[in-house]
Amino acid sequence: MDKKYVEQIKRIDDYTEQVLYFVRSENAKEDYKFTKVSLQSLIKNVAMKNKDMILENRINFSVKDVENEVVTDNKWMEFIINQIMSNSFKYMKDHGEKELKIYSEKSEEGVVLHIIDNGIGIPKRDLSRVFNKSFTGENGRKYAKSTGMGLYIAKGLCEQLGHKIDIESEEGKYTEVRITFGKNDYFDTVV
């Protein structure tokens, strides 16, 4: 099958998944199943889902120090990480080496998962609004690949799951998304 058609089918599949998760996210609390989850397993599952994209685009994909376990909902967290990786793929540079790095570290707040790409970056004026519903920003208009829903859904789900998500970027250099899985005694007693 032609590469162009495969990409279009993947895009349709991603948008369909995004719509379904958006609709379900409004009542997601009914579906949450908090367990101790291996970050390594989460990343592996999302990477396998995107292996064709990674290989075909020759993305230097590196994963280090993700041995930590966190308390979260596996299904919903896979969706969140997939949305972030999907954005990284959409906004990779057309030339030069393409990189996507993932690692985790422990902090005073809990475990922090870092997802960093060396893509086109986000303009400073757009950065504070990337989690707003339907906001596509300059990059979304320029590259016409954005719905303005992926990061909005990811942020809402992170908040519902008790996690923190934030982003920093420098236009033309990189974007880094951080998900902080906080220390929460309540979840420790539930699990």
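Per numbering that gives the first Met the number 0: the sequence shown = residues 0 to 190.
Every residue, glycine too, gets a C-beta built ideally from N, C-alpha and C.
Computed from a predicted model, the values in this text were never measured in an experiment.
Burial state of residue i (16 or more Cβ within 10 Å)
{"i": "His162", "result": "buried"}
{"i": "Ile11", "result": "exposed"}
{"i": "Asp93", "result": "exposed"}
{"i": "Thr71", "result": "buried"}
{"i": "Ser103", "result": "buried"}
{"i": "Thr34", "result": "exposed"}
{"i": "Leu156", "result": "buried"}
{"i": "Leu38", "result": "buried"}
First through last residue of the alpha helix (DSSP H) which encompasses residue i
{"i": "Asn44", "result": "Leu38 to Lys48"}
{"i": "Ser87", "result": "Asn73 to Lys89"}
{"i": "Lys92", "result": "Careful: Lys92 lies outside any alpha helix (DSSP H) and carries neither H nor E."}
{"i": "Gly161", "result": "Looking at the DSSP string, Gly161 is not in any alpha helix (DSSP H), and its letter there is neither H nor E."}
Through-space distance from residue j to residue i, alpha-carbon basis
{"i": "Phe130", "j": "Asp1", "result": "34 Å"}
{"i": "Asn117", "j": "Lys182", "result": "30 Å"}
{"i": "Glu68", "j": "Ile58", "result": "26 Å"}
{"i": "Thr154", "j": "Gly139", "result": "A small fix is needed here, since residue 154 is Lys in this sequence, not Thr. Distance between the alpha carbons of Lys154 and Gly139: 18 Å."}
{"i": "Lys32", "j": "Phe134", "result": "30 Å"}
{"i": "Arg128", "j": "Ile166", "result": "11 Å"}
{"i": "Phe88", "j": "Glu96", "result": "13 Å"}
{"i": "Asn56", "j": "Ala46", "result": "14 Å"}
{"i": "Ile42", "j": "Ile8", "result": "23 Å"}
{"i": "Glu29", "j": "Ile114", "result": "28 Å"}
{"i": "Pro122", "j": "Val111", "result": "24 Å"}
{"i": "Ser192", "j": "Lys3", "result": "With the chain running from 0 to 190 in the structure shown, residue 192 is simply not present."}
{"i": "Asn44", "j": "Glu137", "result": "31 Å"}
{"i": "Gly171", "j": "Asp51", "result": "25 Å"}
{"i": "Lys100", "j": "Phe60", "result": "6 Å"}
{"i": "Ser66", "j": "Val36", "result": "Sequence check: residue 66 is Glu here, not Ser. Going by the C-alpha atoms only, they are around 10 Å apart."}
{"i": "Glu98", "j": "Gln159", "result": "30 Å"}
{"i": "Val62", "j": "Lys141", "result": "30 Å"}
{"i": "Ser40", "j": "Leu126", "result": "30 Å"}
Residues bridged to residue i (per DSSP)
{"i": "Val111", "result": "Glu104 and Thr179"}
{"i": "Glu167", "result": "Glu175"}
{"i": "Val69", "result": "Val36"}
{"i": "Ser61", "result": "Lys100"}
{"i": "Asp116", "result": "Leu99 and Thr174"}
For residue i, the first and last residue of its enclosing beta strand (DSSP E)
{"i": "Ile121", "result": "No beta strand (DSSP E) holds Ile121; DSSP gives it neither H nor E."}
Sufficient close CB pairs (3 or more, under 8 Å) joining the stretch 77 to 91 to the stretch 148 to 155
Contact holds between the stretch 77 to 91 and the stretch 148 to 155, because three or more Cβ pairs, one in each stretch, are under 8 Å apart.
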